[in-house]
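*Asks:*
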Ligand SMILES: CC(C)(COP(=O)(O)OP(=O)(O)OC[C@H]1O[C@@H](n2cnc3c(N)ncnc32)[C@H](O)[C@@H]1OP(=O)(O)O)[C@@H](O)C(=O)NCCC(=O)NCCS
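In this note's numbering, the protein residues as written are 725 to 891.
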């Protein structure tokens, strides 16, 4: 999960996003037209991977979220306090530009998101992601996330698991 040739940083609104193409039109359109407004309204945060020449190679978004306790697998839910939901952080979007796919950047962005959440002083039980299709879900399964029993395109990783994997 390392891609040392990239620098990952919060999105700078001055960066030219028009050339970003991940192969997913909704993810590209969101990044080019909508993300700045969402950042301004504090409904999302966005982080980008910059290549050696400053070009945008990938991005992900994070926002606070929650998971209903009843939606978690029973084996995990039964170990948690009986609140209706547990706090989480949602990675709503993750995309890598076509030119940079297959060199470890998607995994590096996921790892960066987990480290960023673990570094926060605000508690969250898990990272949760929305996969756009089965191929994206397979990417997350490959990285150890678990699908919610009620929705195979919503996956999560307990941050205790992430901490153990990373350290
Ligand atoms: C999914 C995506 C982010 C993967 O990025 P990437 O940089 O090409 O992937 P990486 O090179 O980091 O792959 C890391 C590992 O995941 C594996 N992998 C990549 N895509 C996979 C998939 N769809 N299913 C299973 N494994 C996958 C790779 O084989 C690699 O395995 P390894 O570390 O054991 O060698 C990228 O293809 C993309 O942007 N797709 C379009 C948007 C999208 O589907 N986003 C997902 C969230 S909705």
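Beta carbons: idealized from backbone N, C-alpha and C, even for Gly.
#1: Would you give the residue range spanned by the alpha helix (DSSP H) that residue 848 belongs to?
#2: Could you please give me the residues that DSSP links to residue 854 through a beta bridge?
#3: For residue 742 and residue 795, I'd like the C-alpha separation in whole angstroms.
#4: Output needed for residue 849: all residues of its chain with C-beta closer than 8 Å, excluding positions within five of it in sequence on either side, in chain order.
#5: So which residues put a beta carbon under 5 Å from any heavy atom of ligand 1, going in chain order?
#6: Residues bridged to residue 870 by DSSP?
#7: What are the boundary residues of the beta strand (DSSP E) that residue 734 is part of?
#8: Could you check whether the segment 754-768 touches the segment 829-844, counting it as contact only if at least three pairs of C-beta atoms, one from each stretch, sit closer than 8 Å?
#9: Could you work out which residue in 832, 889, 846 is closest to residue 782 when comparing CA atoms only?
#10: What's the gap between the Cα of residue 800 and the Cα of residue 740?
#11: Straight-line CA distance for residue 891 to residue 750?
#12: Roughly how many angstroms lie between the CA atoms of residue 756 and residue 744, to the nearest whole one?
#13: Pull up the DSSP beta-bridge partners for residue 792, would you.
*Replies:* Put simply:
#1: Judged by DSSP secondary structure, residue 848 falls outside any alpha helix (DSSP H); it is assigned neither H nor E.
#2: Bridge partners of residue 854: 878.
#3: The straight-line gap from Cα to Cα measures roughly 38 Å.
#4: Cβ neighbours of residue 849 within its own chain (closer than 8 Å, five residues either side excluded): 791, 804, 810, 811, 812, 882, 883.
#5: In chain order, the hits are 746, 748, 818, 819, 820, 825, 826, 828, 829, 830, 831, 856, 859, 860, 862, 863, 866.
#6: Its beta-bridge partners are 880.
#7: For residue 734, the enclosing beta strand (DSSP E) stretches over residues 731-734.
#8: Pairwise C-beta distances place the segment 754-768 out of contact with the segment 829-844, as fewer than three of them are shorter than 8 Å.
#9: Here the closest residue by C-alpha is 832.
#10: One Cα belongs to residue 800, the other to residue 740, and the distance between them is close to 43 Å.
#11: So the alpha carbons of these two residues sit roughly 35 Å apart.
#12: Between residue 756 and residue 744, the C-alpha separation is close to 8 Å.
#13: In the DSSP output, where bridge partners are listed per residue, residue 792 has 809.
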